[in-house]
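In UniProt numbering, the protein residues as written are 1 to 1046.
We put the beta carbon where it would ideally sit given N, CA and C, even for glycine.
Data first, discussion second: the structure below is written as structure tokens.
Right, here's the structure in full:
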């Protein structure tokens, strides 16, 4: 992907290709949906504001919760948690997550040296090495970072538990532009000083002070998330070791001819007075005329229009009408281009038009890039301010005239326009064109406006002498690596984007006009002797690239044949693009360019995991540099995860109030607390008020305490092949309740692990083992298989789903319920067998969960009566395939569960509480289902809340008849348990409501324009709801008829 700005006014997709009509239609529908949502939220906000003087009703409490336990033992940091006390009654994240991380770190569990003689000692299980996508040092992490760490830590912990030599390297990025902007705003807000007031040296010192104050917060957040980094190898991209690597890389690449200096178009932020990379350019798509607020302008500026004006043909009465979205650039026009085959203009080939505001003749040139069918078929050419025009200018040997300076003011001899700000000039030019009779019309025009993500200014293409990395050869090697399978990109659909960027690669501008960052190791040469010819800063031969000023002097003396004492060197004031140092990260962290033990042991790494949005900006650059400088790919696989959006599908934005600090989800925060965070941010007062409104709409009661485990599990559960995750905090809270289920299940089990007996996971089913022991072990085996398969395929949703289903549906809902009668009245042998099986379920179940939920699993694992002496679940072995799987047992129990569900559903329909037991009579016309239910009759009684289950072909009257299958019915005795008349009235009322729903849905579906106007997804949801409502009506009707017979 080129660093130069694309001038295409047609919206493009993530792969850089123009969006299809279908894509645009889909996005328009999404935008319309979001606009309706925003309007709905605004309406709610307005209503709430209007009712502000009314007394607010207290919020209903949805659930009574016990006081959360807190760990209060006097344990020193790094020491093991005190487990002598009993487990708290309920799961408490604050209690569970206390103390463990510092102990893990002190024990060295996260280092590759743990349990091994040396880092290069052979390991038959292999190794797993990964580096962090270094977060910016600009403050605190958001949920996007939390997603990255949840995924990467799950992968790392899984590999560690598989016995592999494991290393996950932490670090932080200096984030050149982002950090400088933050500190500049802070400096202005607190002291009303600019960086220029301080000077370069003192300003950089301020940034270092700010980094020392703020940098630790990010690492604290990573630890709170449970991320198992090796903190003995933490890196910051401005550390001396990494700075040396950056300098060495620049010098070596220059020596290889891969870095050169040239004057070309760049993305320029007039507010920052610096070139910026494409990832720092937000492409705002406009459908037509729009007024945008631009920094430095009191009034909003008009965009989304196409202005047509005429150039007079020299020496005739003819004119050529051209159209532009940036009328101010016409001052820098040096030609008008037409298609060579356009019959309308063939007679004008080789002629000139006259510029109305300066003494300039513009040639009419022929170029095939012109679309004859767009507009008038004639295009104004401004080579110094437009990428496409730049290429035409080079092909046609046109002058390159810069008319906008670094600050965004008009420069040159243009009379009244000179000295105006560019968008003020836009208005003045329109007025003047109208006065001269050259203005023709202004049309609505869909276009893309490039906005600097840091300054919110409109990006200006300017020609600047900069340093460039030559990318063609490196891109060819990177393409071949993917095509050959040497480098895998997952999910595979991202390879298409990879090939597109590589095939269309252009050289990368790495100069940034900033103060914070890695200063470019290039020195401009001048001479003390005025008789020696000096070069301009644009002339590359007068630039020396060197590791130090002393080395530069030696090189310059040799190049120019003069004594070093005659040479004056001036180091380039610019710094390198942040992505340059980030591209070196997979090997600079291991000590490159020195051939260190770490570099030999850990490079190349195993996996690079990151968001799909930086596939080119970061991933490609690492591949480029790894192959070019070390001759090896920096990693074998790339896994790209989706982007996190809010529950409404909106991009996370501070001004919307939907950017959430992971700590606020882990610890919980009130609405007032969220508001206070905004006050301390860099938002302006208007944005703060907007953000507060957004927070109030989305989090009226604040954010509940969910804990790190629930957040991590939720984020991984969201991962699918989709490009976006619409994160709903309520779902995270749901997994916090799941943690409570695990807690209670283990707490229940520990009641029956009495005495000093210790258990292991080696188990053989014997005569004393009940049928459900065999079933739960079979379900455990299936879960183990699903988890291992899912992890190896990076299918995190499959793994989390398997773990969730095993704990909630298999262990809690069924197995523990079936154990209660055994522990209550079974023989000692039966109870012992049940304890052995239950232990295996807990031990393996916790280990399966551990990569996602490290805190709760460690807390509970440490309390199990284990026979082995594994110090931590972190370094225990991940469960592998077992011989317990039995498809027949699972099929049989699934049938029993189906019967139980149907009985429980009927009990719910008739409003029977769990304590009211019912009698059930099984009537089967086939021996197979009859035999299954007879075999599991006690389990069926337990999980279906039945006092007795009888197999009788002549059940008594007063029963509800429930169909389990074609060959099997359950007759549930209701007579004497309910008041038939009252229940009939309730059911009739429910049926009436459902019939109204059916009537409304049917009417909507039968509307003439329903199929064309209603979105497909809504139509599908309506069909599902209609079918479910009709089915429910049939069930209610059957229930009413049954009740009438009582």
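Secondary structure at residue 466, three-state DSSP: helix, strand or coil? Along the chain shown, read from residue 1 onward, the residue named residue 466 stands at position 466. Here residue 466 sits in strand by DSSP.
The alpha helix (DSSP H) with residue 1033 in it runs from where to where? Within the chain shown, numbered from 1, the residue matching residue 1033 stands at position 1033. That run of the alpha helix (DSSP H) goes 1016 to 1044.
Our contact map puts residue 173 next to residue 237 with C-beta atoms below 8 angstroms; I'd like the distance itself, whole angstroms only. Working through the chain shown from its first residue, we reach residue 173 at position 173. Working through the chain shown from its first residue, we reach residue 237 at position 237. Confirmed, about 5 angstroms.
Determine, using beta-carbon pairs with one atom in the segment 574 to 585 and one in the segment 513 to 532, whether at least three such pairs fall under 8 angstroms. yes
Going along the chain, which residues of its own chain have a beta-carbon closer than 7 angstroms to the beta-carbon of residue 97, five neighbours each way excluded? As a first step, residue 97 must be located in the chain shown, where it is residue number 97. Around residue 97: 707, 708 and 855.
Measuring straight from C-alpha to C-alpha, what distance separates residue 161 and residue 848? Taking the first residue of the chain shown as position 1, residue 161 is located at position 161. Taking the first residue of the chain shown as position 1, residue 848 is located at position 848. The alpha-carbon atoms of residue 161 and residue 848 are separated by roughly 10 angstroms.
Under 8 angstroms between C-beta atoms of residue 193 and residue 327: In the chain shown, the residue the question calls residue 193 occupies position 193. In the chain shown, the residue the question calls residue 327 occupies position 327. No, Cβ-Cβ distance for residue 193 and residue 327 is not below 8 angstroms.
Buried/exposed call for residue 64, threshold 16 Cβ in 10 Å: On the chain shown, position 64 is the one that residue 64 refers to. Model confidence at residue 64 stands at a pLDDT of 42, short of 50, so the residue's coordinates are unreliable and nothing is read from them.
Going straight from the alpha carbon of residue 288 to that of residue 450, what length do you get? Position 288 of the chain shown, counted from the first residue, corresponds to residue 288. Position 450 of the chain shown, counted from the first residue, corresponds to residue 450. Distance between the alpha carbons of residue 288 and residue 450: 15 angstroms.
Nearest candidate by alpha-carbon position, reference residue 947, set 296, 918, 454 and 522: Here residue 947 is taken as the residue at index 947 of the chain shown, counted from 1. Closest by alpha carbon: 918.
With the cut-off set at 8 angstroms, would you say residue 1061 and residue 209 are in Cβ contact? Only positions 1 to 1046 of the chain appear in this structure, which leaves residue 1061 out of reach.
I'd like to know if the segment 398 to 418 and the segment 482 to 501 are in contact, where contact means that at least 3 CB-CB pairs between them fall below 8 angstroms. no
Using only CA atoms, which one of 384, 486 and 402 lies nearest to residue 394? For this step, residue 394 is matched to residue 394 along the chain shown. Considering only alpha carbons, the answer is 384.
Proximal residues to residue 420 (C-beta, below 6 angstroms), its chain only, five neighbours per side dropped: Translated into the one-based positions of the chain shown, residue 420 becomes position 420. So the list reads 410, once near-sequence residues are dropped.
Whole-number beta carbon distance between residue 959 and residue 924, since they are thought to touch under 8 angstroms: By 1-based counting over the chain shown, the position of residue 924 is 924. By 1-based counting over the chain shown, the position of residue 959 is 959. Residue 924 to residue 959, Cβ: 15 angstroms. No contact.
Mind checking whether residue 249 and residue 629 have CB atoms under 8 angstroms apart? The count along the chain shown starts at 1 and reaches residue 249 at position 249. The count along the chain shown starts at 1 and reaches residue 629 at position 629. Yes, they are a contact pair.
Rounded Cβ spacing between residue 129 and residue 606 (contact assumed at less than 8 angstroms): The count along the chain shown starts at 1 and reaches residue 129 at position 129. The count along the chain shown starts at 1 and reaches residue 606 at position 606. Contact holds; Cβ gap of about 5 angstroms.
Report the rounded CA-to-CA distance for residue 1034 versus residue 989, giving the unit in angstroms. Within the chain shown, numbered from 1, the residue matching residue 1034 stands at position 1034. Within the chain shown, numbered from 1, the residue matching residue 989 stands at position 989. If I take the Cα positions, the gap works out to 14 angstroms.
Near residue 819, which residues of its chain fall below 7 angstroms by C-beta distance, leaving aside the five closest residues on each side in sequence? By one-based count along the chain shown, residue 819 stands at place 819. Only 834 and 838 meet the Cβ criterion.
Local Cβ density within 10 Å of residue 240, reported as buried at 16 or more and exposed below that: Locating residue 240 in the chain shown gives position 240, where the first residue counts as 1. So residue 240 ends up on the exposed side.
Is the segment 71 to 88 in contact with the segment 182 to 191, if contact means three or more CB pairs nearer than 8 angstroms? no
Can the beta-carbon of residue 333 be found closer than 8 angstroms to that of residue 381? The sequence position of residue 333 within the chain shown is 333, counting from 1. The sequence position of residue 381 within the chain shown is 381, counting from 1. Cβ atoms of residue 333 and residue 381: closer than 8 angstroms.
Where DSSP assigns a beta bridge to residue 587, which residues make up the other side? Along the chain shown, one-based indexing puts residue 587 at 587. Note: residue 587 sits in no beta bridge, so no partner.
Mind checking residue 460: buried by the 16 CB within 10 Å criterion, or exposed? In the chain shown, residue 460 corresponds to position 460, counting from 1. Burial call: buried.
By the three-class DSSP mapping on this structure, what secondary structure does residue 762 have? Here residue 762 refers to the residue found at position 762 of the chain shown. Correct three-state label for residue 762: coil.
With a cut-off of 8 angstroms, do at least 3 Cβ pairs link the segment 732 to 745 to the segment 687 to 706? yes
Kindly indicate which three-state DSSP category residue 369 falls into: helix, strand or coil? Locating residue 369 in the chain shown gives position 369, counting from the first residue. Residue 369: coil per DSSP, three-state reduction.
Mapping DSSP to helix, strand and coil, what is residue 355? Mapped onto the chain shown, residue 355 falls at position 355. Reduced to three states, the DSSP call for residue 355 is coil.
Which word fits residue 738, buried or exposed, when buried means at least 16 other C-beta atoms lie within 10 angstroms of its C-beta? Taking the first residue of the chain shown as position 1, residue 738 is located at position 738. That one is buried.
Bounding residues of the alpha helix (DSSP H) (the contiguous stretch that carries residue 569): Taking the first residue of the chain shown as position 1, residue 569 is located at position 569. That residue, residue 569, is in no alpha helix (DSSP H); its beta strand (DSSP E) goes 567 to 571.
Taking the alpha helix (DSSP H) that residue 960 belongs to, which residues open and close that run? To locate residue 960, count along the chain shown from 1; it is residue 960. No alpha helix (DSSP H) holds residue 960; the beta strand (DSSP E) holding it covers 959 to 965.
Is residue 441 helix, strand or coil by DSSP? For the purposes of this step, residue 441 is taken as residue 441 along the chain shown, with counting starting at 1. Note: residue 441 maps to strand in three-state DSSP.
Is it true that the CB of residue 523 sits closer than 8 angstroms to the CB of residue 557? Within the chain shown, the letter at position 557 stands for residue 557. Within the chain shown, the letter at position 523 stands for residue 523. Not in contact: residue 557 and residue 523 (Cβ atoms no closer than 8 angstroms).
For residue 798, does the three-state DSSP call read helix, strand or coil? Within the chain shown, the letter at position 798 stands for residue 798. Looking at residue 798 - three-state DSSP - the assignment turns out to be helix.
Give me the Cα-Cα distance between residue 662 and residue 871, rounded to the nearest whole angstrom. Numbered from its first residue, the chain shown carries residue 662 at position 662. Numbered from its first residue, the chain shown carries residue 871 at position 871. Answer to the nearest angstrom: the Cα atoms are 29 angstroms apart.
Does the pairing of the segment 139 to 154 with the segment 899 to 919 give three or more beta-carbon distances under 8 angstroms? no
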